[in-house]
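First up is the structure itself, then whatever we jot down about it.
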Amino acid sequence: MDLPAAIPLVIGVTGHRDLVESEVPAARERVREFLASLRDRWPRTPLIVASQLAEGADLLVAEEAHALGLELVFLQPLPIADYRAQFSGPEELARFDELRAVSRVVDLTNGEAAADRDTLYAVAGDFLARYCYILLALWDGKPSASPGGTAAVVNYRLASKGGARPATDELRDLALGEADNSLVYHILVSRDRRNGEPTNGHKPLSAGYLHEFAGGRSTLQESMPEEYLHVLERTEEFNGVAKHATAGALADERAPFVGAPPAVRRCARLIALADHLATLYRRRLTRITAWTYGIGAVMGCAFVLYSKIPAMWGLIYVFFGAALTTIALSRYAEYRGWHRDHLEYRALCEGLRVQFYLRIAGVRDEGRLHTGDESFLRRQDPELDWIRNAMRAVDFEMHDAGRDGISGGIEHAIETWVGSLDPVKARGSGQLGYFWHAGEQRRHMIALTERTGAVTLVFGLAAAAVLCFVPVLHTGYLKTPLVVTMGLLPLAAGLLEAWLQKSAAKELARQYGYMYRLFDEARSQLQGDVADDRRRSVLYSLGRAALAEHATWVLLNRDRKLRHLPSH
282 MDLPAAIPLV IGVTGHRDLV ESEVPAARER VREFLASLRD RWPRTPLIVA SQLAEGADLL
342 VAEEAHALGL ELVFLQPLPI ADYRAQFSGP EELARFDELR AVSRVVDLTN GEAAADRDTL
402 YAVAGDFLAR YCYILLALWD GKPSASPGGT AAVVNYRLAS KGGARPATDE LRDLALGEAD
462 NSLVYHILVS RDRRNGEPTN GHKPLSAGYL HEFAGGRSTL QESMPEEYLH VLERTEEFNG
522 VAKHATAGAL ADERAPFVGA PPAVRRCARL IALADHLATL YRRRLTRITA WTYGIGAVMG
582 CAFVLYSKIP AMWGLIYVFF GAALTTIALS RYAEYRGWHR DHLEYRALCE GLRVQFYLRI
642 AGVRDEGRLH TGDESFLRRQ DPELDWIRNA MRAVDFEMHD AGRDGISGGI EHAIETWVGS
702 LDPVKARGSG QLGYFWHAGE QRRHMIALTE RTGAVTLVFG LAAAAVLCFV PVLHTGYLKT
762 PLVVTMGLLP LAAGLLEAWL QKSAAKELAR QYGYMYRLFD EARSQLQGDV ADDRRRSVLY
822 SLGRAALAEH ATWVLLNRDR KLRHLPSH
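So in the working numbering the end of the sequence shown lands on 849, straight run, no missing numbers.
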């Protein structure tokens, strides 16, 4: 059964194994209320609860999440036989086996023996802190020396606010850079040991969002910070629009391979949806921009005729009506957010596309699995953080592709993403064909506009020359038509140039030309008998360059919003 094509909200779970039995019912209630509140507030966003299903807090949260119908992910830190041996008794082991059976498993061991369990637990803890959007911590608030313990996971999570990343060189692909998301929901619990009460004078079972790093003075706030709310609101908005998109959005989308994991198929459908929605909003924006400039032309003609021909005084009403219409159209487009949605959905689509193909090809960065969100739109604009979070969530999903990608993934990435081109037949596929065709269209548009401008200049000069000889030739009846022509021709040329500027045709032509050359060079290096490592290296370089160029394009066009035309 296919998973819904939506951006998920990943909730990581960490907590103590030795909870106090008398606090467990109330802790369950706190967890249930927290998860239910997220589900009810963002109903279109799938919730994924990821944990190591360890004894104690992990099993408690997983049971409550499963009861609420949420998707479970088991992050396996050790070989399964060694991990099952960690449980204290048959009852706890039975709970683990039951929850594992209904969970999607992400094996973090890569088949390695559990020789250094502290390192493997640190790997799992850092992975959890890195990929979740909200970390749910059932924790006493006290620091700990254990690199894979609850305090360490919280500390990894809050690394950008004073905490520390795990001090080991063996985190493989999981230590992916400084975190820029430090959201932690903290439920204070006691531990069944001496001095097991919560730290800093907090009462057991107090709960709230944690705003300071582990081991320091912590403050809990009931409400989620505004910047994180904005991310979830934009995610929910996208998921809502995607849910109501027509079935045609996915008509041409197929699973990349027969037998591809469900999460990989979900990511492929999500890219297709983002592409469909970005195209939809671009077309809407293009239509309303064309209407605006067309009505602007009517407005300009009406003013020129009104100013030169006194008998046509009624055209002043046409002028005012056209002006009000252009204002209304631009305000409507701005109210509906079509410009914003087009840019952000396109950025989302292209970011996910790069990330998806690098994942299925098993591309690595210095031995680590590549993740695009580390470089894409990093801190350029806080309003775009929801795109980076979406990429992080999808990257979490794409771990189903495995560390070496999917069988045949490199070839699929080359043929489907990089693509091919036959300029003679004007046919192409993939990004190579797209950028060639898009660049050609923009260049034709620019050439047509420049030719039109030259024609209007010639006709305007000709009209001025004829006007100079009107007194000599005694052709006064030509004066008014010539003056009107001299007013209308520059107006037409100005509108075409304004359209060219508004549509960023010249900038796009340069960008498409650069991207075409980039993909063409990559394609030439990928042809022939090339080793897989070399092909992955080329794909990695191509992906990084593509992400950088897409980020530049988004930021360049953020302020190109549709506005009504000036009254002149």
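For each residue, glycine too, the CB sits at the ideal point set by N, CA and C.
Predicted, not measured: the structure shown is a model, and the values here were computed from it.
Check                                                                                                                                                                                         : Outcome
Assess contact between the region 821 to 837 and the region 615 to 635, defined as three or more Cβ pairs (one per stretch) separated by less than 8 Å. Is contact present?                   : yes
Assuming S318 contacts V354 under a Cβ cut-off of 8 Å, what Cβ separation, rounded to an integer in Å, is found between them?                                                                 : 21 Å between Cβ atoms; not a contact.
Could you work out which residue in Y574, L351, A728 and W698 is closest to G716 when comparing CA atoms only?                                                                                : Rather than Gly, the amino acid found at residue 716 in this sequence is Phe. For F716, the nearest C-alpha among the options comes from W698.
Report the three-state DSSP secondary structure of I288 (helix, strand or coil).                                                                                                              : coil
Classify A488 as helix, strand or coil using the three-state DSSP reduction.                                                                                                                  : strand
Identify whether Y414 lies in helix, strand or coil by the three-state DSSP scheme.                                                                                                           : coil
Per DSSP, F355 forms a beta bridge with which residues?                                                                                                                                       : S332 and V386
Report back the beta-carbon spacing between T573 and T607 to the nearest angstrom; my notes put them in contact at under 8 Å.                                                                 : 5 Å
Sorted by chain position, which residues of the same chain lie with C-beta nearer than 8 Å to V579's C-beta, five sequence neighbours on each side aside?                                     : V599 and A603
Heavy atom of the ligand SAH less than 6 Å from the Cβ of S425, yes or no?                                                                                                                    : For the ligand SAH, the structure offers nothing, since it holds no ligand at all.
Whose CA, out of G734, F408 and D399, lies closest to the CA of S427?                                                                                                                         : D399
Helix, strand or coil for T326? Go by DSSP, reduced to three states.                                                                                                                          : coil
Throw me the rounded Cβ distance for the V387 and Q357 pair, which I believe falls under 8 Å.                                                                                                 : 7 Å
In whole angstroms, what separates the C-alpha of D299 from that of R309?                                                                                                                     : 15 Å
Could you tell me whether the Cβ atoms of A719 and Y638 are closer together than 7 Å?                                                                                                         : no
Taking its Cβ as the centre, do 16 or more other Cβ atoms sit within 10 Å of T500, making it buried, or is it exposed?                                                                        : exposed
Starting from R708, follow its DSSP beta bridges and name the residues at the other end.                                                                                                      : D703
If contacts are defined as beta-carbon pairs under 8 Å, then A287 and A523 qualify, I think. What distance do you get, rounded to the angstrom?                                               : 6 Å
Mapping DSSP to helix, strand and coil, what is I468?                                                                                                                                         : strand
For a test of the three-state rule: what should DSSP assign to W420, helix, strand or coil?                                                                                                   : strand
Using 10 angstroms around the beta-carbon of E647, count the other beta-carbons present and answer buried if the total reaches 16, otherwise exposed.                                         : In this prediction, E647 scores a pLDDT of 42, lower than 50, which makes its location untrustworthy; the coordinate-derived value is nonetheless stated afterwards. Counting Cβ neighbours within 10 Å, E647 comes out exposed, since fewer than 16 surround it.
Using DSSP bridges, identify the partner residues of Q502.                                                                                                                                    : Y490
Do H297 and A335 have their beta-carbon atoms positioned less than 7 Å apart in this structure?                                                                                               : no
According to the neighbour-count rule (16 or more other Cβ atoms, all chains shown, within 10 Å of its Cβ), is L799 buried or exposed?                                                        : buried
What number of angstroms, rounded off, separates the C-alpha of L513 from the C-alpha of L491?                                                                                                : 18 Å
What three-state label does DSSP hand G296 in the structure shown?                                                                                                                            : strand
So, with DSSP's three-state summary, where would you put I576?                                                                                                                                : helix
Using 10 angstroms around the beta-carbon of L417, count the other beta-carbons present and answer buried if the total reaches 16, otherwise exposed.                                         : buried
Assuming A331 and I292 are in contact, meaning their beta carbons sit under 8 Å apart, how far apart are those beta carbons, in whole angstroms?                                              : 7 Å
Return the residue from the list C548, Y414, R621 and Y402 that minimises the CA-CA distance to L389.                                                                                         : Y402
Could you check whether the region 552 to 565 touches the region 740 to 748, counting it as contact only if at least three pairs of C-beta atoms, one from each stretch, sit closer than 8 Å? : no
Buried or exposed for F601, please, with buried defined as at least 16 other CB atoms from any protein chain shown within 10 angstroms of its CB.                                             : exposed
CB-CB under 6 Å to V260, same chain, minus the five flanking residues each way: which ones, in chain order?                                                                                   : This structure leaves residue 260 out entirely; the chain is present only between 282 and 849.
Residue range of the alpha helix (DSSP H) that S818 falls in?                                                                                                                                 : D813 to N838
Looking only at its own chain, which residues have a Cβ that is under 7 Å from the Cβ of E788, when we skip the five neighbours before and after it?                                          : L837
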